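Shown next, in structure tokens, is the structure this report addresses.
Protein chains: 2
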Amino acid sequence: MNKPTIRIKDIAQKANVSIGTVDRVLHNRGRVSEEVRVKILQIIEELDYQPNMIARTLGTNRTYRIAALIPDGTIDPYWQESQNGIEKAGKELQIYGVQITQYRFNQHDVQAFIDQATALAQANLDGILVAPVFYRESLPFFEQWHALSIPFVLFNTQIEESNSLSYIGQDAFQSGSLAGKLLHYGQPEGCTFLVAHIAEDIANSAHLLGKEKGFRAYFSQQPALASSYKVISADLKKPGDISFFHQLDRLLDHYPDMKGIFVTTSKAYEIATYLQHTPERNIRLVGYDLLEKNLAFMEEGLIDFIINQNPQGQGYWGIQFLADHLVFKKKVALRKNLPLDIITRENLAYYLEAAQ
Amino acid sequence: MNKPTIRIKDIAQKANVSIGTVDRVLHNRGRVSEEVRVKILQIIEELDYQPNMIARTLGTNRTYRIAALIPDGTIDPYWQESQNGIEKAGKELQIYGVQITQYRFNQHDVQAFIDQATALAQANLDGILVAPVFYRESLPFFEQWHALSIPFVLFNTQIEESNSLSYIGQDAFQSGSLAGKLLHYGQPEGCTFLVAHIAEDIANSAHLLGKEKGFRAYFSQQPALASSYKVISADLKKPGDISFFHQLDRLLDHYPDMKGIFVTTSKAYEIATYLQHTPERNIRLVGYDLLEKNLAFMEEGLIDFIINQNPQGQGYWGIQFLADHLVFKKKVALRKNLPLDIITRENLAYYLEAAQ
DNA sequence: GAAAAAAATGTGTCCGCACACATAATTTTA
DNA sequence: TAAAATTATGTGTGCGGACACATTTTTTTC
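If you're matching them up, the sequences are chains A and B in order. Residues are numbered in this note's numbering as their position in the first sequence, beginning at 1, plus a constant of 52. Residues are numbered in this note's numbering as their position in the second sequence, beginning at 1, plus a constant of 52.
Below is the structure:
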């Protein structure tokens with residue numbers, strides 16, 4: 053039942069050569085006659101040889117330098133979570149010689165991004181994990197890395213044709229559809245829903261629009277719903293300011309049957325703050341991310357559901373994918389879609405627990 | 053920035069002894085003078101020595117034998133998933149010398165369980181993972197294993213005071229509350245909900261009752277709900293049989309305002325089959341587990357939400373915990389609560405993907 | 001106080017693999 | 001065809017640690 057482990061030595065014996073020769077074909081170091089090479093390859097196949105990665109990392113004492121280019125977590129707790137995930141993966145992979153350096157930039161400062169991305173080029177890296185929040189400004193760096201043959205993984209924001217090794221994140225469109233389902237399920241009667249983008253540069257944020265598209269598609273694709281539900285969207289500025297409240301006042305006045313709001317960013321708490329003062333409207337609220345402020349409002353019942361974008365998981369898997377590629381020489385998927393976790397008061401605790 | 057790794061050799065040098073002596077104090081093998089022992093311990097502390105587990109597993113060529121005592125997956129797809137999770141963990145841990153043998157029993161046959169649990173005792177094991185679906189019959193084996201100092205981990209079904217190393221699973225009560233929330237959210241108007249236990253020996257299944265308790269608590273704990281929602285429960289037999297349909301007929305006749313059903317087992321599809329014929333009632337349905345049959349009905353819209361008990365994850369983590377204890381000598385949590393994943397048509401794909 | 005016993009400490013090999021280096025076999029060159 | 005160059009193959013050491021065994025030091029014993 054327990055097949056014995058196959059070692060290089062076993063292959064060498066079976067092929068009547070020394071382990072050095074086997075080693076050479078395993079690593080394509082050349083200097084092996086074609087005849088022997090084929091024979092060894094065949095035996096490897098036959099015996100289903102699986103190199104012992106443990107021993108390998110012990111043997112080659114090499115290290116892998118990975119840079120993580122991400123927004124500063126001290127400014128936004130969302131990115132703090134990503135940093136945690138990156139550090140978690142870093143700890144797990146330390147024994148395999150993986151060394152991670154984080155290059156952090158202010159997510160509202162394009163120049164800071166450019167500076168960090170430039171600084172990172174000095175470091176003689178084996179791999180890069182990047183959250184490309186600035187679309188346009190990212191492209192030249194992608195080209196540069198690609199020219200230098202440094203593999204890089206994107207996360208959080210997808211950019212097509214970037215030549216990246218992989219993308220880790222969620223499907224924005226599907227995420228919007230899910231939000232549609234959640235609001236619809238809670239308001240079976242037909243009404244108006246608002247898609248609220250809060251304080252983001254929409255034009256440069258493709259995934260926010262993807263969410264809106266998915267949300268609208270949920271209703272338009274089912275003829276029965278298309279007639280009874282109306283979807284509007286708004287680009288709200290200056291949360292916290294009094295003008296923010298006025299914008300909402302106007303929208304609610306204009307659409308008296310508005311019964312649900314889908315916030316495409318992690319700022320659902322800004323809307324919840326407003327709704328606190330108009331409880332009689334009984335508006336359903338769905339947003340993103342397990343921020344403290346969102347959780348507090350969920351506890352109070354003002355936010356019904358939160359879709360978890362799992363920033364920690366994104367960081368974690370981003371590093372894991374790079375390690376799979378660099379250290380373990382595994383093929384990695386071009387894309388990893390993290391699950392769209394639905395969080396509500398009753399199942400919240402376990403997601404927080406799992407994030408440890 | 054990158055502190056050099058501390059090895060046994062470094063400690064030995066600093067203490068002016070040989071690596072053999074350091075090794076002896078590291079493993080409490082005795083035969084070291086107290087004076088030297090203290091000195092070495094102090095240096096270990098000071099240098100924050102972290103043994104290289106990689107090298108350690110290479111050095112000690114020992115293997116760890118783990119048995120998995122679980123219901124047969126060929127009878128029930130739910131348990132097939134658990135087996136997959138166990139095998140997945142087994143693959144990952146193979147290089148650390150972990151060997152897993154599965155002991156499978158028919159989940160409806162107490163004697164089969166006893167036979168397998170007895171057979172397993174012959175095997176000279178280092179650890180056991182068990183799904184104790186038979187409460188009473190499990191207890192003597194727990195005692196036996198405890199007496200033999202074989203660490204064991206429970207999953208799926210919790211049994212207090214079992215002396216187990218850990219329990220992996222979900223919180224049944226909270227799971228029921230979550231179901232309550234999902235049905236309530238979809239029927240804001242007040243109505244009757246049915247808790248359906250299908251074809252299980254309720255008396256011997258504490259966690260089914262836990263789910264019902266949690267469900268009822270959701271409504272009774274909020275005074276506003278307690279008055280407008282009524283919760284009934286039923287123990288339904290012989291699914292697939294015509295009598296099963298009759299039982300449901302009677303319940304629906306008796307409670308014309310029944311607007312939602314919570315199925316505590318993975319057999320929501322049995323109810324969905326019935327509801328197909330009475331679409332006009334518009335009854336919400338919440339159940340458990342990503343079985344093919346459930347997914348088909350979810351696709352059709354007859355099942356609204358499924359709570360994922362993640363049998364694969366339970367098996368996976370059960371083995372991981374045993375390995376953490378045996379191989380890596382880590383302290384493991386007494387309990388690991390897996391998240392209560394809410395699955396609906398719109399986010400289903402990613403959970404199936406993640407299960408690969 | 002020397003031999004025997006016990007305690008303390010040191011040394012060497014192996015785990016599976018990578019890689020530098022040594023050696024053997026073959027081909028090229030003059 | 002012998003020396004030189006090239007190609008093919010074999011050997012040895014180290015990675016960090018475990019463990020068996022060897023050796024040295026200290027303590028008993030008579």
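Glycine included, each C-beta is placed from N, C-alpha and C at the ideal position. Quick caveat, the model's predicted, so the values are computed rather than measured.
Nonlocal neighbours in the same chain, by C-beta distance under 6 angstroms from residue i, ignoring five residues either side
i, result
"Q154 of chain A", "A120"
"A183 of chain B", "I122, F207 and N208"
"Y148 of chain A", "T109 and V379"
"R387 of chain B", "Y219"
"G238 of chain B", "R336"
"L145 of chain B", "A375"
"Y307 of chain A", "T244"
"P363 of chain B", "Y130, E133 and S134"
"A406 of chain A", "none"
Residue closest to residue i, alpha-carbon to alpha-carbon, out of the options
i, options, result
"R336 of chain B", "B:I323, B:I313, B:E351 and B:L342", "B:I313"
"S279 of chain A", "A:R302, A:E241 and A:I106", "A:E241"
"G232 of chain B", "B:I394, B:G82 and B:S257", "B:I394"
"G353 of chain A", "A:A320, A:G365 and A:A375", "A:A320"
"D309 of chain B", "B:L386, B:I284, B:R397 and B:S216", "B:I284"
"S214 of chain A", "A:G221, A:F225 and A:Q196", "A:Q196"
"N104 of chain A", "B:Q366, B:Q274, B:K143 and B:K91", "B:K143"
"T330 of chain B", "B:E351, B:A348, B:L304 and B:E344", "B:L304"
"L200 of chain A", "A:Y368, A:Q210, A:Q174 and A:A258", "A:Q174"
"Q299 of chain A", "A:H249, A:L260, A:H160 and A:E351", "A:H249"
"A276 of chain A", "A:E252, A:C243, A:K290 and A:D287", "A:C243"
"S318 of chain B", "B:E86, B:A169 and B:D128", "B:D128"
"E454 of chain B", "A:I358, A:G266 and A:A169", "What is shown of chain B runs 53 to 408, which leaves residue 454 of chain B out entirely."
"F357 of chain A", "B:L390, B:L230 and B:N80", "B:L230"
Burial state of residue i (16 or more Cβ within 10 Å)
i, result
"G292 of chain A", "exposed"
"K383 of chain A", "exposed"
"H236 of chain A", "buried"
"L377 of chain B", "One detail in the question is off: residue 377 of chain B reads as His in this sequence, not Leu. Result: buried."
"N360 of chain B", "buried"
"T316 of chain A", "buried"
"S42 of chain A", "This structure cannot speak to residue 42 of chain A, because chain A is shown only from 53 to 408."
"D223 of chain B", "buried"
"L172 of chain A", "buried"
"G410 of chain B", "Outside the modelled stretch of chain B, which goes from 53 to 408, sits residue 410 of chain B, for which no answer is possible."
"G82 of chain A", "exposed"
"H106 of chain A", "One detail in the question is off: residue 106 of chain A reads as Ile in this sequence, not His. Buried, since its Cβ has 16 or more Cβ neighbours within 10 Å."
"H259 of chain A", "buried"
"I63 of chain A", "buried"
"E264 of chain B", "buried"
"K311 of chain B", "buried"
Own chain, CB closer than 7 angstroms to residue i, minus 5 neighbours either side, in chain order
i, result
"Q372 of chain A", "A141"
"I355 of chain B", "A320, A324, L337, G339, N346 and F349"
"T115 of chain B", "G149 and Q151"
"R268 of chain B", "V283"
"Y403 of chain B", "L342, N360, D393 and I395"
Own chain partners of residue i with C-beta closer than 8 angstroms, once the 5 adjacent residues on each side are dropped
i, result
"D100 of chain B", "I58"
"A67 of chain A", "T73, V74, V88, K91, I92 and I95"
"S272 of chain A", "A278"
"A286 of chain A", "L246, V247, A248, H249, Q299 and L303"
"I202 of chain A", "L177, D178, G179 and I180"
"Y281 of chain B", "H236, G242, C243, T244, F245 and F271"
Supposed contact pair residue j and residue i - C-beta distance, whole angstroms, cut 8 angstroms
i, j, result
"F297 of chain B", "Y270 of chain B", "With a Cβ gap of about 29 angstroms, F297 of chain B and Y270 of chain B do not count as contacting."
"L181 of chain B", "R117 of chain B", "That pair is no contact at about 12 angstroms."
"I220 of chain B", "G370 of chain B", "5 angstroms"
"I60 of chain A", "G367 of chain A", "36 angstroms between Cβ atoms; not a contact."
"V185 of chain B", "Q168 of chain B", "12 angstroms between Cβ atoms; not a contact."
Any non-hydrogen atom of the ligand ZN within 7 angstroms of residue i CB
i, result
"A406 of chain A", "As presented, the structure is devoid of all ligands, the ligand ZN included, so that no description of it is given."
(message) Any C-beta of chain A within less than 9 angstroms: which residues of the region 371 to 397 of chain B qualify?
(response) Flagged, chain order: K388, N389, L390, P391, L392, D393, I394, I395, T396 and R397.
(message) Residues of the region 202 to 234 of chain A in Cβ contact with chain B at a cutoff of 7 angstroms, in chain order, please.
(response) Of all residues in the region 202 to 234 of chain A, Q226, S229, L230 and K233 have a Cβ within less than 7 angstroms of some Cβ in chain B.
(message) Any C-beta of chain B within less than 8 angstroms: which residues of the region 352 to 364 of chain A qualify?
(response) For the region 352 to 364 of chain A, the beta-carbon criterion of a distance under 8 angstroms to any beta-carbon of chain B is satisfied by D356.
(message) So if I threshold CB-CB distances at 9 angstroms, which residues from the region 106 to 125 of chain B count as touching chain A?
(response) Against chain A - using a Cβ distance shorter than 9 angstroms - the residues of the region 106 to 125 of chain B are I106, A107, T109, L110 and T115.
(request) Could you list the residues in the region 316 to 328 of chain A with a C-beta less than 7 angstroms from some C-beta on chain B, going in chain order? (result) Correct list: empty, as no residue qualifies.
(request) Pull out every residue of the region 59 to 85 of chain B whose Cβ sits closer than 7 angstroms to any Cβ of chain A, in chain order. (result) Within the region 59 to 85 of chain B, no residue qualifies.
(message) Under 7 angstroms, CB to CB, which of the residues in the region 127 to 149 of chain A have a partner in chain B?
(response) Per Cβ criterion, the list reads I147.
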